[in-house]
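Visitor: Here you go, one structure.
In our numbering, the protein residues as written are 287 to 574.
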C-alpha cells in the first residue's frame with residue numbers, strides 16, 4: 287500500500303496528522319456511544335417500562351385477580367345451584383379461569399374498548415345458562431331473574447373497576463406522553479450515531495480502522511445502556527417502578543429488566559462482531 291512508504295521528510299508531518307486523527311477518532315467514538323446510549327434509554331422506556339404486554343402480564347399475575355376470580359367462581363356456583371343449573375353448563379369449551387384471565391389481559395391491553403367484557407360475559411355465562419333453562423323448561427322466578435342479572439353485573443363491575451385502576455390509567459397517560467415526547471430525541475440520537483459512523487470511515491486511511499472504532503463505539507454504548515437499565519432496576523423508586531396498585535410489582539420489574547436488557551445485549555453483540563470482523567480483515571487483508 288503506497289501510504290506505508292512515506293519519504294523521510296514527510297514523516298513528522300504524517301505523525302502529527304495521525305495524532306489529530308486519533309483524537310478525532312475518539313471524539314467520534316464518544317458521539318457514537320452517546321447516540322446509541324440515548325437510543326437505548328428511549329427504547330427501554332418505550333418497549334420495556336411502557337410495554338403493554340409486560341403490564342398486562344403483571345396485572346394478570348397479581349394476587350388481586352386470584353382473589354377476584356375465586357369470589358366470582360363461588361358466587362357463580364352458589365347462584366347456579368340455587369336455580370338448579372349444573373355447573374358444567376358453563377364450563378363446556380374452555381376452563382372458566384382461562385377465559386377470565388384472557389379477558390382480563392385483553393382488557394388491560396385495549397383499555398378503552400368499552401362493552402367488550404360485557405359481551406363476553408353474555409356469551410360465556412348468560413347464553414349457556416339461558417339455553418339450559420329453555421331446554422329443560424325451567425322458568426326463573428322474578429327474584430331469581432333479578433339475582434342472575436345482579437350476578438352478571440357485579441362480575442362486570444369488579445373487572446371494570448380494577449382495570450380502571452387510577453394507577454393503570456395514569457400509567458397509560460404517561461405512556462402516551464412519553465411516546466410523543468421522545469420522538470425528536472430518538473431521531474436526533476439516531477442521526478448523531480449514523481453521522482459519527484460515516485465520519486469514522488471517512489477520515490481513515492485504512493477502512494478497517496473505521497470498523498474498529500465503530501465496534502468500540504457500540505461496545506461502550508452497550509455497556510453504558512446496560513449499566514443504566516440495571517440501575518433503574520435496582521433503584522426501587524426509579525421511573526421504571528410499576529403502578530403501586532399492582533400486586534405483582536416484582537414480576538413487572540423483572541420483565542422490564544429482561545426486555546430492556548435485550549437492547550444493550552444487541553449493541554454489545556454488534557460491537558464484538560465488528561471487532562472480530564476487523565481482526566479477520568487485517569489478518570487476511572495483509573496476506574492477500
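C-beta atoms are modelled at their ideal positions from N, C-alpha and C, and glycine is treated no differently. Every value quoted in this text rests on a predicted model; they were computed, and no experiment measured them.
Rounded to whole angstroms, what is the Cα-Cα separation between residue 478 and residue 321?
Guide: Roughly 6 angstroms between the two C-alpha positions.
Visitor: Can you tell me whether DSSP reads residue 456 as helix, strand or coil?
Guide: helix
Visitor: Rounded to whole angstroms, how far is the Cβ of residue 511 from the Cβ of residue 326, which I believe are closer than 8 angstroms?
Guide: 4 angstroms
Visitor: Please classify residue 287 as buried or exposed, where buried requires at least 16 neighbouring CB atoms within 10 angstroms.
Guide: Model confidence at residue 287 stands at a pLDDT of 44, short of 50, so the residue's coordinates are unreliable; what they give is reported in the following sentence. Flag for residue 287 reads exposed.
Visitor: Please confirm whether residue 461 and residue 336 have their CB atoms less than 8 angstroms apart.
Guide: yes
Visitor: Does the region 359 to 376 come into contact with the region 464 to 482, if we say contact requires no fewer than three beta-carbon pairs (one atom in each stretch) closer than 8 angstroms?
Guide: Because the criterion of three Cβ pairs below 8 angstroms is not met, the region 359 to 376 and the region 464 to 482 do not touch.
Visitor: Between which two residues does the alpha helix (DSSP H) carrying residue 421 extend?
Guide: 413 to 421
Visitor: Here's a check: name, in chain order, each residue in its chain whose Cβ is nearer than 6 angstroms to the Cβ of residue 330, leaving out the five neighbours to either side.
Guide: 515, 546
Visitor: So residue 491 packs on residue 561, CB below 8 angstroms; how close in whole Å?
Guide: Not quite, the Cβ-Cβ distance comes to about 19 angstroms (not below 8 angstroms), so this is no contact.
Visitor: Taking Cβ to Cβ, would you say residue 541 is nearer than 8 angstroms to residue 343?
Guide: Yes, these two residues count as a Cβ contact at 8 angstroms.
Visitor: Applying the criterion that 16 or more other CB atoms from any shown protein chain within 10 Å of the CB defines a buried residue, is residue 544 buried or exposed?
Guide: Exposed, since its Cβ has fewer than 16 Cβ neighbours within 10 Å.
Visitor: Is the beta carbon of residue 435 sitting closer than 8 angstroms to the one on residue 403?
Guide: no
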